[in-house]
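Colleague: Per this note's numbering, the sequence shown runs over residues 45 to 473. Beta carbons are placed, not taken as given, at the ideal position from N, Cα and C, and that holds for glycine. Attaching a single structure in structure tokens format; questions to follow.
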Amino acid sequence: MLTQPYDKITPEMQERYYAASPYNLISIEKGKTLAGDSAAENVYTRAAKKFGEWLAEGILVQDSEPAIYAYFQNYTLPGTGPGTGPGANRRLERRGFIALGRLADYSEGIVYRHEHTLTGPKADRLELLRQTHCQTGQLFLLYDDPAREVDAILEEVAKSPATAEMRDEYDVQHRLWMIADAARVQKIVESMAAKKLVIADGHHRYETALVYRSECRAKAGKIDADAPYEKAMWTCFNVNQEGLTILPTHRLVRDVAGFSVEKFVKAASAYFNWYSYSFASASEKEESFAEFRHDLERRGRAGHAIGFYAGDAGFYLLVLRNAAELERLLPDMTPAQRQLDVVLLHRLLLHRCLGITAEKVTAETNVSYERETERAIAAVDGKKAQVAFLLNPVRVKEVMQIALGGDVMPQKSTDFYPKLLSGLCIYDV
């Protein structure tokens, strides 16, 4: 029945979901566009029709009473399994809850973003919301609760059998508990009342909900604080837990005229010390990569380190020479932004050393993105990229600091793992 979030569904996944069941959410979340589509009959109107049919047939049944839902995800940390070495098959658990939250403009200082949004995805989600009047995708929000007041309630609830449980295609176990007890609900509401919330994932869906709210207010001719469209389905996670994982998103660079490793390293030397990890055979390549990755992580814990791979030229590690120079080099950035490796990559290496401007990055003229390190390396080996820049992940505290300070990160700076399943809860607006 359920799917990954709409923006993670590839054409292959879409076909697989359609084949899995006639009641798979794919018909609503990301349906197929057909050749004869028109303003009256299209992917959005079909989604609305399907949602109405499932309600009428009892495929979807609304809970009999208001509730908050504890949502736990148990998963294998990427890069740690399968295998028998240290940390192999290490599993973590991310614990949060799903509830309705009142929508707030960014200017109100309640909900904060950490990245800019794009027009295309917002237009798509807005039309889907207009037609279906329901929210199937979850907003992934972070909050800071060192006392773990809400977590204590969630962990107590989780001692009983789960209301729903499933395992997805990435071997992530998803469990849901319904919390309808009025006393527990009130404790969660009171604990969250003054919390500031940072969007980890779902910026486009949040801003779509704001636009939809404005449209509904205009139609009503007034502001009704209790109207359904004044709220959205929020999934909230306390940052004070081990189960929050951010994966790095690596950069692939292609079609840079006159590119050479020697010329690039020389230009980068104005800002970074560099170290090379060469190899002459496949077995040496594995050894060099293992040493390189260890050093990238180690150096990253102490300062700013960015890696890159250039095929036969080997792996390279760039370590920032003088952090005190960043204020002079990046005067238009805030102190928090200057502490991000991804900012240094874009501003110093891509722009100054390779001539790839911010406009070219946005247009993806020379830059594309890859989450998996092995696939990034394979892209260079397969001549699909000239060089792969390999990053350490952004830390959760950096995301919070950037967002709460009113700043934003470059596009695709964070990749929270695992994703929140669509359709686990549905809000009928």
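(1) From R138, R249, Y61, D459, pick the residue whose C-alpha is nearest to that of A202; which is it?
(2) Going by the C-beta, is M453 closer than 7 Å to any heavy atom of the ligand SAM?
(3) Three-state secondary structure (DSSP) at V242?
(4) Beta-carbon within less than 6 Å of P130's beta-carbon, same chain only, minus the 5 sequence neighbours each way: which residues are those?
(5) What does the alpha-carbon distance come out to for the pair K329 and R439?
(6) Determine the DSSP secondary structure at D225, reduced to helix, strand or coil.
(7) What first and last residue would you give for the beta strand (DSSP E) that runs through C280?
(8) Anyone know if the C-beta pair for D385 and I350 falls short of 8 Å?
(9) Classify N282: buried if its beta carbon has 16 or more other beta carbons within 10 angstroms, exposed otherwise.
(10) Within 10 angstroms of its Cβ, does R257 collect 16 or more other Cβ (buried), or is it exposed?
(11) How big is the Cα-Cα spacing for A423 and Q430?
(12) Kindly give me the distance between the Cβ atoms of L185 and L99, rounded to whole angstroms, as I take these residues to be in contact under 8 Å.
(13) What does the alpha-carbon distance come out to for the pair P110 and W221?
(14) Identify whether C178 lies in helix, strand or coil by the three-state DSSP scheme.
(15) Since N436 and G347 should fall inside the 8 Å C-beta cutoff, what is the C-beta to C-beta distance between them, to a whole number of angstroms?
(16) Please state the DSSP three-state secondary structure of V155.
(17) Do K428 and R219 have their beta-carbon atoms positioned less than 8 Å apart in this structure?
(18) Which word fits K94, buried or exposed, when buried means at least 16 other C-beta atoms lie within 10 angstroms of its C-beta?
(19) Have a look at E193 and Q179 and give me their C-alpha separation to the nearest angstrom.
(20) Run through DSSP, which three-state label would H247 get?
(21) Measuring straight from C-alpha to C-alpha, what distance separates D472 and G96?
(22) For the segment 261-276 and the segment 139-150, state whether three or more C-beta atom pairs, one from each stretch, are separated by less than 8 Å.
(23) Going by DSSP, what residues sit across from M453 in a beta bridge?
(24) Answer with buried or exposed for K76, where buried requires no fewer than 16 other C-beta atoms within 10 angstroms of its C-beta.
(25) Note down the Cα distance separating T89 from E171, rounded to an integer number of angstroms.
(26) Leaving out five residues on either side along the sequence, give the residues of the same chain with a beta carbon under 7 Å from the beta carbon of I223.
(27) How long is the line joining the alpha carbons of K463 and I290, rounded to whole angstroms?
(28) Between which two residues does the alpha helix (DSSP H) carrying E109 extend?
(29) Excluding the 5 residues flanking T128 on each side, which residues of the same chain have their C-beta closer than 8 Å to its C-beta?
(30) Assuming Q117 contacts Q217 under a Cβ cut-off of 8 Å, what Cβ separation, rounded to an integer in Å, is found between them?
(31) Would DSSP call T47 helix, strand or coil?
(32) Is it the case that the Cβ atoms of Y156 and I243 are separated by a distance below 8 Å?
(33) Can you tell me the Cβ-Cβ gap for G246 and G181, rounded? I've got them flagged as a contact below 8 Å.
(34) Find out if the Cβ-Cβ distance for the pair N284, D225 is shorter than 8 Å.
(35) Going by C-alpha distance, which of Y119, R396, P454 is nearest R211?
(36) Between Y214 and the rest of its own chain, which residues show a CB-CB distance below 7 Å, the 5 nearest in sequence each way excluded?
Modeller: Taking the structure as given:
(1) R138
(2) Ligands are entirely absent from the displayed structure, and the ligand SAM is therefore not among its contents.
(3) strand
(4) For P130, the predicted structure reports a pLDDT of 47, less than 50, and the residue's modelled location is therefore unreliable. A value from the coordinates is still provided. Excluding residues within five positions, none has a Cβ falling inside 6 Å.
(5) 29 Å
(6) coil
(7) 275-282
(8) yes
(9) buried
(10) buried
(11) 9 Å
(12) 27 Å between Cβ atoms; not a contact.
(13) 13 Å
(14) strand
(15) About 11 Å; that fails the 8 Å criterion.
(16) strand
(17) no
(18) buried
(19) 28 Å
(20) helix
(21) 11 Å
(22) yes
(23) E159
(24) exposed
(25) 9 Å
(26) A111, I112, Y113, A114, V201, V229
(27) 11 Å
(28) Unbroken run through E109: none, as it is neither H nor E.
(29) Model confidence at T128 stands at a pLDDT of 43, short of 50, so the residue's coordinates are unreliable; what they give is reported in the following sentence. Excluding positions up to five away in sequence, the list is empty.
(30) 7 Å
(31) strand
(32) yes
(33) 7 Å
(34) no
(35) Y119
(36) P462
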